[in-house]
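Enquirer: Got a structure here, written out as structure tokens. Questions coming.
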DNA sequence: CATCCTTGGTCAACTATGATTTACTAAAAT
DNA sequence: ATTTTAGTAAATCATAGTTGACCAAGGATG
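Chains as they are written, first to last, in the working numbering: chain U, 207 to 360; chain V, 207 to 360.
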């Protein structure tokens, strides 16, 4: 199969490759998490909540605001993840309407292994790249993330 | 807002940052393409077909095989893109059942500008990084893509 | 204090998207 | 002649979201 100039160009596009590697990593992460959690029902949408939940606990409304979706949809996903024992809820003592969402880090071993699995792709990357290149790449990619997020606001 | 160790760790995860930058670039690309093509109906799913269409022309079935989805769904998307004049079809002289899909590169100026816009994110990246770091990063990321694609098959 | 508006959360009904399955036609290959 | 392949159409499905209606708790104001 012969490659045209334009196809070479496509292979040579950093943006294209970054999109691709992002998707592949995501796919791998989901598979790893499903396997380790032993939860085949774990869906992309659940994983998508992770970056918005911090370890001090976050309310449903706050997650919704951060993610830019309705609190109704977040509420549903959180409930499912609570059922899966990935998250747990705790009433806010300051505001009895509010429920804070937490990672179940201290839960059963299986859950802990699941959370680890989510990070496992990084071990693979570390292996592939070596520690120094990993760190230098992390710095560069983080820079790019910052650039694109800045552009978004502007 | 105070950061916990685990949150720092999340910021420091290369995989997480790669997923993020991929999505941001993708979003930017879609916005640029919509703007330049003057086609607000252009959807993610349409753009997703691009990497599987090469400039010698590709059949619907072949695109479906490459993408790993049914030819029915590809057929529909291709028809929409033909209606938008982004693609055009040509009968295969070798096989009268088969229709080959082509980019409308020689079409109206607006379309050409649209295709350029799809590549425009790379100009931004080139600016941000400089040419040498761009190339070195491209090499590394392409390496990662290869690794993950290999793992996928294995 | 009583009222009124806002906010946190949930439920249910609906919507859009992107896929699938089933069913079909026509051409190619065996 | 039979089976496989290219393409399409229609019905259906799963996902991830929305909107609207609602309740209960907080906050502000007369």
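Note that the Cβ used here is the ideal one computed from N, Cα and C, for glycine as well. No experiment lies behind these values; they were computed from the predicted model shown.
1) List, from N- to C-terminal side, the alpha helix (DSSP H) runs of 4 residues or more that fit wholly inside the segment 240-295 of chain V.
2) With 9 Å set as the bound, which would you pick, yes or no: does the beta-carbon of residue 255 of chain V sit closer than that to a beta-carbon of chain U?
3) Around the Cβ of residue 276 of chain U, are there at least 16 other Cβ atoms within 10 angstroms (buried) or fewer (exposed)?
4) Between the segment 330-346 of chain U and the segment 237-246 of chain V, do at least 3 Cβ pairs fall closer than 8 Å?
5) Count Cβ pairs between the segment 272-288 of chain U and the segment 228-239 of chain U that sit closer than 8 Å; are there 3 or more?
6) Buried or exposed for residue 302 of chain U, please, with buried defined as at least 16 other CB atoms from any protein chain shown within 10 angstroms of its CB.
7) Have a look at residue 283 of chain V and residue 337 of chain U and give me their C-alpha separation to the nearest angstrom.
8) Would residue 252 of chain U count as contacting chain V if we go by Cβ distances under 9 Å?
9) Give every residue of the same chain whose Cβ lies closer than 6 Å to the Cβ of residue 332 of chain V, excluding the five residues on either side of it in the sequence, and list them in chain order.
10) Can you find at least 3 beta carbon pairs, one from the segment 257-269 of chain V and one from the segment 283-301 of chain V, that sit closer than 8 Å?
11) Say whether chain V places a C-beta atom closer than 9 Å to the C-beta of residue 343 of chain U.
12) Exposed or buried, which one is residue 329 of chain V when buried takes at least 16 other CB atoms within 10 Å?
13) Spatial neighbours of residue 287 of chain U within its chain, please: CB distance less than 6 Å, with the 5 preceding and 5 following residues excluded, ordered by chain position.
14) On a Cα-Cα basis, can you pick out the residue from U:307, U:353, U:308 and U:257 that is closest to residue 219 of chain V?
15) Candidates U:269, U:224 and U:306: which alpha carbon is nearest residue 255 of chain U's?
16) Counting C-beta neighbours from all protein chains within 10 Å, is the total for residue 210 of chain V 16 or more, i.e. buried, or is it exposed?
17) State the CB to CB distance for the pair residue 234 of chain U and residue 353 of chain U, rounded to an integer number of angstroms; the pair is presumed to be in contact (CB under 8 Å).
18) On the criterion of 16 or more Cβ atoms from any shown chain inside 10 Å, does residue 221 of chain V qualify as buried, or is it exposed?
19) Taking just the CA atoms, how far does residue 335 of chain U sit from residue 342 of chain U?
20) Which residues in chain U have a C-beta closer than 9 Å to the C-beta of residue 334 of chain V? List them in chain order.
21) Would you verify that the beta carbon of residue 273 of chain V is, or is not, closer than 9 Å to some beta carbon of chain U?
22) With a threshold of 8 Å on Cβ separation, who are the neighbours of residue 305 of chain U within its own chain once the five nearest residues in sequence on each side are excluded?
23) Would residue 241 of chain U pass as an interface residue toward chain V - the criterion being a Cβ-Cβ separation below 9 Å?
24) To the nearest angstrom, how far is the alpha carbon of residue 247 of chain U from that of residue 311 of chain V?
25) Please list the residues of the segment 290-316 of chain V that have a C-beta atom closer than 8 Å to any C-beta atom in chain U, keeping them in chain order.
26) Can you tell me the Cα-Cα spacing of residue 216 of chain V and residue 307 of chain U, whole angstroms?
27) Could you pull the DSSP bridge partners for residue 226 of chain V from this structure?
28) How about residue 224 of chain U: is its C-beta nearer than 9 Å to some C-beta of chain V?
29) Looking at the C-beta of residue 267 of chain V, does it have a partner C-beta in chain U at a distance below 9 Å?
30) Quick one: list the residues of chain V neighbouring residue 220 of chain U, beta-carbon separation under 7 Å, in chain order.
31) How about residue 216 of chain V: is its C-beta nearer than 9 Å to some C-beta of chain U?
Expert: Checking against the coordinates, here is how it stands:
1) For the segment 240-295 of chain V, whole alpha helix (DSSP H) runs of length 4 or above, ordered along the chain, are 250-253, 266-273 and 277-289.
2) Residue 255 of chain V does not count as touching chain U.
3) With fewer than 16 Cβ atoms within 10 Å of its Cβ, residue 276 of chain U is classed as exposed.
4) Taking 8 Å as the limit for Cβ pairs, the verdict is that the segment 237-246 of chain V does not touch the segment 330-346 of chain U.
5) As far as the Cβ criterion goes, the segment 272-288 of chain U does not touch the segment 228-239 of chain U, which means the pair count is below three.
6) Counting every other CB atom within 10 Å of its CB across the protein chains shown gives residue 302 of chain U a total below 16, marking it as exposed.
7) The alpha-carbon separation between residue 283 of chain V and residue 337 of chain U amounts to approximately 43 Å.
8) Chain V contact via Cβ: absent.
9) Contacts found: 340.
10) Touching, yes.
11) Answer yes: the Cβ-Cβ gap between residue 343 of chain U and chain V drops below 9 Å somewhere.
12) It is exposed - the Cβ of residue 329 of chain V has fewer than 16 other Cβ atoms within 10 Å.
13) Setting aside the 5 residues that flank it on each side, residue 287 of chain U is surrounded in the same chain by 252 and 293, each with a C-beta closer than 6 Å to its C-beta; the list follows chain order.
14) The shortest Cα separation from residue 219 of chain V among U:307, U:353, U:308 and U:257 belongs to U:257.
15) Nearest option by C-alpha distance: U:269.
16) The pLDDT assigned to residue 210 of chain V is 48, lower than 50, so where the model puts this residue is not dependable, and the model offers no usable value.
17) Beta-carbon to beta-carbon, residue 234 of chain U and residue 353 of chain U are separated by about 25 Å, too far to satisfy the 8 Å threshold.
18) Result: buried.
19) Each residue's Cα considered, the two are about 10 Å apart.
20) Those are 349, 350 and 353, listed as they occur along chain U.
21) Closer than 9 Å to the CB of residue 273 of chain V there is not a single CB belonging to chain U.
22) Cβ neighbours of residue 305 of chain U within its own chain (closer than 8 Å, five residues either side excluded): 265, 266, 295, 296, 297 and 298.
23) At a cut-off of 9 Å, the C-beta of residue 241 of chain U has no neighbouring C-beta in chain V.
24) Answer to the nearest angstrom: the Cα atoms are 43 Å apart.
25) For the segment 290-316 of chain V, which is checked against every Cβ of chain U, not one residue is closer than 8 Å.
26) Summary for residue 216 of chain V: the model assigns pLDDT 49, below 50, so the residue's position carries little reliability, and this model does not support an answer.
27) BP columns for residue 226 of chain V are empty, so no partner.
28) A Cβ of chain V is located within less than 9 Å of the beta carbon of residue 224 of chain U.
29) Output row for residue 267 of chain V: interface = no.
30) Neighbours of residue 220 of chain U on chain V, chain order: 328, 331, 340, 343, 344 and 347.
31) Model confidence at residue 216 of chain V stands at a pLDDT of 49, short of 50, so the residue's coordinates are unreliable and nothing is read from them.
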